[in-house]
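>
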Amino acid sequence: MEGAGATQPSNRFSTIVCATMGWREINLGIGGTTVVGRDEDGQLIRRDSGLGRVPDVIDANPDLAVILYGANDFGQSMELGSESERIWGTYYWDYDSMLRGILGGVPAEKIVLSTCQYRADANTPNEAEYILQDYNGVIKKLGAQYGVRVLDPYQNSTIDAHNFDKLSADPGHLNDLGYEQLAAFFIEELH
Numbered sequence: 001m002e003g004a005g006a007t008q009p010s011n012r013f014s015t016i017v018c019a020t021m022g023w024r025e026i027n028l029g030i031g032g033t034t035v036v037g038r039d040e041d042g043q044l045i046r047r048d049s050g051l052g053r054v055p056d057v058i059d060a061n062p063d064l065a066v067i068l069y070g071a072n073d074f075g076q077s078m079e080l081g082s083e084s085e086r087i088w089g090t091y092y093w094d095y096d097s098m099l100r101g102i103l104g105g106v107p108a109e110k111i112v113l114s115t116c117q118y119r120a121d122a123n124t125p126n127e128a129e130y131i132l133q134d135y136n137g138v139i140k141k142l143g144a145q146y147g148v149r150v151l152d153p154y155q156n157s158t159i160d161a162h163n164f165d166k167l168s169a170d171p172g173h174l175n176d177l178g179y180e181q182l183a184a185f186f187i188e189e190l191h
């Protein structure tokens, strides 16, 4: 979680959470990347995608892996896909493959999935005609399917349409105050 919008790395929500909880942070986030990393033939074409980074997560041997992917998939209008149609290069199937890959090296009880928090365009359909909650729905569904805990800051944090202007650096990223609020949500949930 790179923390775009934070004025310095120590203000990223993940860094605040780890400092508060007394954890050592291994932040493998790369700004602007998506879960989707395959073409329609199933070939990995994006090594920096969530799917392509599975070996990095396993090699880190985490005590807890918090996975938050989807905002860039939404913003870049990645096709959503569905459980009923196994189409590579869609958010559903690349997220499914990413999660199964991580589960191959990290036990489910050491993994936490997170939905994407609210953003200014959350309810505006992207070019593929999906809203952010469509991508969040995939996260919830796959978490339940594989027995992995899912945190839902979109629904359960205090970041929403009423205060987003004060908490954001731009329409898609939080500012320092927003990251403090998001960190407070994660600290409460992970404590």
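Residue numbers for the sequence shown, in the UniProt record's numbering: 1 to 191.
The beta carbon of each residue, even a glycine, is placed where N, CA and C say it ideally should be.
Measure the CB-CB distance between P153 and T115 and report whether it falls below 8 Å.
The count along the sequence shown starts at 1 and reaches residue 153 at position 153. The count along the sequence shown starts at 1 and reaches residue 115 at position 115. Contact: yes.
> Could you tell me which whole alpha helix (DSSP H) segments of length 4 or greater appear in the stretch 110-147?
As far as the stretch 110-147 is concerned, its whole alpha helix (DSSP H) runs of at least 4 residues are 132-146.
> Leaving aside the five residues before and after T7 along the sequence, list all residues of the same chain whose C-beta is less than 6 Å from its C-beta, in chain order.
As a first step, residue 7 is located in the sequence shown; it is residue number 7 there, counting from the start. Closer than 6 Å at the Cβ level, and outside the excluded window around T7, lie D176.
> Would you kindly work out how many angstroms separate the C-alpha atoms of A19 and L190, rounded to a whole number?
If you number the sequence shown from 1, residue 19 lands on position 19. If you number the sequence shown from 1, residue 190 lands on position 190. Cα to Cα, the separation comes out at about 13 Å.
> Can you look up R38 in the DSSP assignment and give me helix, strand or coil?
Counting from one through the sequence shown, the residue named residue 38 turns up at place 38. Note: R38 maps to strand in three-state DSSP.
> Report the rounded CA-to-CA distance for D170 versus A120, giving the unit in angstroms.
One-based indexing of the sequence shown puts residue 170 at position 170. One-based indexing of the sequence shown puts residue 120 at position 120. Whole-angstrom Cα-Cα distance: 8 Å.
> Can you give me the C-alpha to C-alpha distance between R12 and I87, rounded to a whole angstrom?
Here residue 12 refers to the residue found at position 12 of the sequence shown. Here residue 87 refers to the residue found at position 87 of the sequence shown. Cα to Cα, the separation comes out at about 34 Å.
> Can you tell which of V138, R38, V106, I16 has the C-alpha that lies nearest to the C-alpha of D56?
Counting from 1 along the sequence shown, the entry for residue 56 is found at position 56. Here the closest residue by C-alpha is V106.
> Name the one or two DSSP bridge partners that I67 has.
Your numbering for residue 67 matches position 67 in the sequence shown. Bridge partners of I67: L113.
> Under DSSP, the beta strand (DSSP E) around V17 begins and ends at which residues?
Here residue 17 is taken as the residue at index 17 of the sequence shown, counted from 1. Unbroken run through V17 is the alpha helix (DSSP H), 13-21; no beta strand (DSSP E).
> Go ahead and label residue 201 buried or exposed: buried means 16 or more other beta carbons lie within 10 angstroms of its beta carbon, across all protein chains shown.
Given a span of 1 to 191 for the chain in the structure shown, any question on residue 201 remains unanswerable.
> Based on Cα-Cα distance, which residue from I131, N126, D94, I30 lies nearest to E83?
As a first step, residue 83 is located in the sequence shown; it is residue number 83 there, counting from the start. E83 has its Cα closest to that of D94, out of I131, N126, D94, I30.
> Could you check whether G178 and F159 sit closer than 8 Å to each other, using their CB atoms as the reference points?
The residue given as residue 159 occupies position 159 in the sequence shown. The residue given as residue 178 occupies position 178 in the sequence shown. Here residue 159 is Ile; the residue named in the question, Phe, does not match the sequence. The answer is yes: Cβ separation under 8 Å.
> Provide the residue span of the alpha helix (DSSP H) that contains S168, from first to last.
Within the sequence shown, the letter at position 168 stands for residue 168. Taken as a continuous stretch (DSSP letters only), S168 belongs to no alpha helix (DSSP H), being part of the beta strand (DSSP E) at 168-170.
> Taking its Cβ as the centre, do 16 or more other Cβ atoms sit within 10 Å of G81, making it buried, or is it exposed?
Walking along the sequence shown from the start, residue 81 turns up at place 81. G81 should be labelled buried.
> Of all the options D165, Q117, R149, which has the alpha carbon lying nearest to the alpha carbon of F185?
As a working mapping, residue 185 is identified with position 185 in the sequence shown. Comparing Cα-Cα distances from F185 to each of D165, Q117, R149, the minimum goes to Q117.
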